[in-house]
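Take a look at the structure below.
Protein chains: 2
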Amino acid sequence: MKIEKDDRLILITNDDGLYAEGLSTLIDVMQEFGKLVVVSTIDSRSGMSQALTVKMPIRIKLLKETDKKRIYACSGTPTDGVKIAVNQLLEREPDWVVSGINHGSNASVSVIYSGTMAAAIEGCLYGIDSVGFSLNNFSSQADFSHSKKYVREIMNMLEKNKLPKGVCLNVNIPSVDGDGIRGVKVCRQARGNWREEFEKRKDPMGKSYYWLTGIFQNHEPESEDTDEWALSNNYVSVVPVSVDMTAHNYIGELEKQIGK
Amino acid sequence: MKIEKDDRLILITNDDGLYAEGLSTLIDVMQEFGKLVVVSTIDSRSGMSQALTVKMPIRIKLLKETDKKRIYACSGTPTDGVKIAVNQLLEREPDWVVSGINHGSNASVSVIYSGTMAAAIEGCLYGIDSVGFSLNNFSSQADFSHSKKYVREIMNMLEKNKLPKGVCLNVNIPSVDGDGIRGVKVCRQARGNWREEFEKRKDPMGKSYYWLTGIFQNHEPESEDTDEWALSNNYVSVVPVSVDMTAHNYIGELEKQIGK
């Protein structure tokens, strides 16, 4: 693949691995928008958040190249993949980083744990317009067909309007038949957390071990301006995510408490 | 250790492992404030961000118990450790989650990659007052002695003022002699990112691999209200961190672009 000056160069990644249906769907749509460099892992790396591989070396393998796209396998986390693509694999900085389509919602606090959103956040830290897409269905057999329309709609919007510095998008798509989707809704991250998070078992030697599990608890199910409400009501949710985690509105109060 | 109704119960964790000097220092100070449950890993888990262990079971081992503290080794990430402590190990929810003292700064965007801050953020998601402490010195031989005074100062403040829901503290301490520290400064997260992030090498078979490395680049070195400025000027920086990553001030604009 030769990257010309006028080509739109798009870095595609995810956290469900190279063989995930969500990634294939994203590649299908994004080919309409430019030339693609895909960097993913062979296996899934869900729940990796913004984790970095610092104690092990990272391996990269070019698996396939055509006129329109290149596909690499990366041994690291989704964040490693974005970093290594921008720093080592690409001839120039990509115009977009697009991550997903994740198998499972990344609404509410899942934005903090998600490898898919971490990849978008990483792109954003480089100053690149970045979006993470997720379908509200964890199944590896999930039907992504109706997602394409909304990926297209969001990316068409990004073509016309660059994102501000330090902001990327977290887009979650309901897992219903296309006709059931009521539209696209800009939202804020719902307040919530996970509960009953472990299953305790005994191994064949009689020693205990735990599996991480759990149920998401929405702390504000009635708030219609949240991503969780939108998803539950069959809207595509779009949350602008800031990489600045400062609680700006608490700075003044904290200064008083610290006595300065 | 018996936990009485009036005891302050404090969960202590870090991402540098159980044998880190920063953890010992934190335990020393925090014993003044209550009964401690320490959950950490044998080895370091730096750069793990909010990563979860979803594909492997998690093992927990009680290593030591006295009247005043319990120490557990956890096979998972710092976030796993907080989750398993709150859900399985503790008789009741802790009053505080205190993480660190990290060997190395977690100022600016490091808040997003840090396992130390992830543990504090996890505590915060449970609605527990949570703080992450870091010393601006990556060395395992770093001198933490002057840090105690500032841990004490911040925790004394927390005794008097609960944090608002969804906010935890990211405290970074300069690595200078105690007399050189000019005070405590409430800050916002500086804008910055990492550059020149990989070193490419060849293995004995002639195949390439990469080590993650890099240099932090402060995008606003002149901004006196940032944590990076405070640290560089020998102030202890305190950033209130929000677990709500929504870019609230961009919602209106985005709604216009999406056409609703």
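As they're listed, the protein sequences go chains A and B. So the number in this note's numbering is just where the residue sits in the first sequence, counting from 1, plus 29. So the number in this note's numbering is just where the residue sits in the second sequence, counting from 1, plus 29. Note that the Cβ used here is the ideal one computed from N, Cα and C, for glycine as well.
Check your understanding: Does DSSP put Gly272 of chain A in a helix, a strand or coil?
Key -> Note that residue 272 of chain A is Val in the sequence shown, not Gly. Note: Val272 of chain A maps to coil in three-state DSSP.
Review point. With distances taken between CB atoms, is the gap from Ile150 of chain A to Val272 of chain A smaller than 9 Å?
Key: yes
Exercise for review: State the Cα-Cα distance for the pair Asn135 of chain A and Gly207 of chain B, rounded to the nearest angstrom.
Suggested key: 44 Å
Check your understanding: Straight-line CA distance for Tyr155 of chain A to Ile39 of chain A?
Key -> 14 Å
Check your understanding: CB-CB under 8 Å to Pro123 of chain A, same chain, minus the five flanking residues each way: which ones, in chain order?
Key -> Leu38, Ile39, Leu40, Val66, Ala114, Val115, Gly152, Ile157
Exercise for review: Could you tell me which residues DSSP puts in a beta bridge with Tyr24 of chain A?
Suggested key: The structure shown has nothing for residue 24 of chain A, since chain A only spans 30 to 289.
Check your understanding: Where does Ser128 of chain A sit, in a helix, a strand or coil, going by DSSP?
Key -> strand
Exercise for review: Along the alpha helix (DSSP H) that carries Arg37 of chain B, what are the first and last residues, could you check?
Suggested key: No alpha helix (DSSP H) contains Arg37 of chain B, which DSSP labels as neither H nor E.
Exercise for review: Please name the residue, chosen from B:Met59, B:Val200, B:Gly288, B:Val138, that lies closest to Gln246 of chain B on a Cα-to-Cα basis.
Suggested key: B:Val138
Review point. Is Glu94 of chain B helix, strand or coil when you go by DSSP?
Key: strand
Review point. Leu16 of chain B and Ile130 of chain B: beta carbons closer than 9 Å?
Key: Past the boundaries of the shown model lies residue 16 of chain B; chain B is included only from 30 to 289, so the question cannot be answered.
Review point. When the Cβ atoms of the region 213-230 of chain A are set against those of the region 269-285 of chain B, are three or more pairs found closer than 8 Å?
Key: yes
Check your understanding: Can you check whether the CB of His132 of chain B is closer than 9 Å to the CB of Asn166 of chain B?
Key -> yes
Practice item. Measure the alpha-carbon distance for Gly144 of chain B versus Arg211 of chain A and round it to whole angstroms. Key: 39 Å
Check your understanding: Going by the beta-carbon positions, is the gap between Ile287 of chain A and Val213 of chain B smaller than 9 Å?
Key -> yes
Practice item. Compare the C-beta of Gln60 of chain B against all C-beta atoms of chain A and say whether one is closer than 9 Å. Key: no
**Study point:** Members of the region 103-114 of chain B near chain D, C-beta cut-off 9 Å
**Key:** The structure shown contains no chain D; its protein chains are A and B.
Check your understanding: Ile56 of chain A to Lys97 of chain A, Cα distance in whole Å?
Key -> 11 Å
Practice item. Could you confirm whether any beta carbon from chain A is found closer than 9 Å to the beta carbon of Asn82 of chain B? Key: Contrary to the premise, residue 82 of chain B reads as Thr rather than Asn in this sequence. Yes, Thr82 of chain B lies at the interface with chain A (some Cβ there is under 9 Å from its Cβ).
**Study point:** Supposed close pair Asp44 of chain B, Met77 of chain B - CB separation, criterion 8 Å
**Key:** 6 Å
Practice item. Would you please state the rounded distance, in angstroms, between the beta carbons of Val200 of chain B and Phe173 of chain B? I believe it to be under 8 Å. Key: So it is not a contact: roughly 13 Å between Cβ atoms.
Exercise for review: Measure from the alpha carbon of Ser176 of chain A to the alpha carbon of each residue in A:Val196, A:Trp240, A:Val265, then state which is nearest.
Suggested key: A:Val265
Check your understanding: Going along the chain, which residues of the region 249-270 of chain B sit with their C-beta nearer than 8 Å to a C-beta in chain A?
Key -> Val267, Val268, Pro269, Val270
Check your understanding: Is Glu122 of chain A close to chain B, meaning its C-beta is less than 9 Å from at least one C-beta of that chain?
Key -> no
Check your understanding: Whole alpha helix (DSSP H) runs in the region 35-86 of chain B with 4 or more residues, listed along the chain?
Key -> 50-59
Review point. When you compare only the Cα positions, how much space is there between Val127 of chain B and Val180 of chain A?
Key: 41 Å
Point to revise | Sequence-distant residues of the same chain with beta carbon closer than 7 Å to Pro269 of chain B, five excluded per side | key: Val196, Leu198
**Study point:** Amino acids of chain A, ordered along the chain, whose beta-carbon sits closer than 7 Å to that of Asn166 of chain B
**Key:** Correct list: empty, because the minimum Cβ distance to chain A is about 17 Å.
Point to revise | For Asn190 of chain B and Lys285 of chain A, the rounded distance between their alpha carbons | key: 11 Å
Check your understanding: Per DSSP, Asp232 of chain B forms a beta bridge with which residues?
Key -> Note: Asp232 of chain B sits in no beta bridge, so no partner.
Review point. Just curious, the beta strand (DSSP E) that Leu164 of chain A is in, first and last residue?
Key: 158-164
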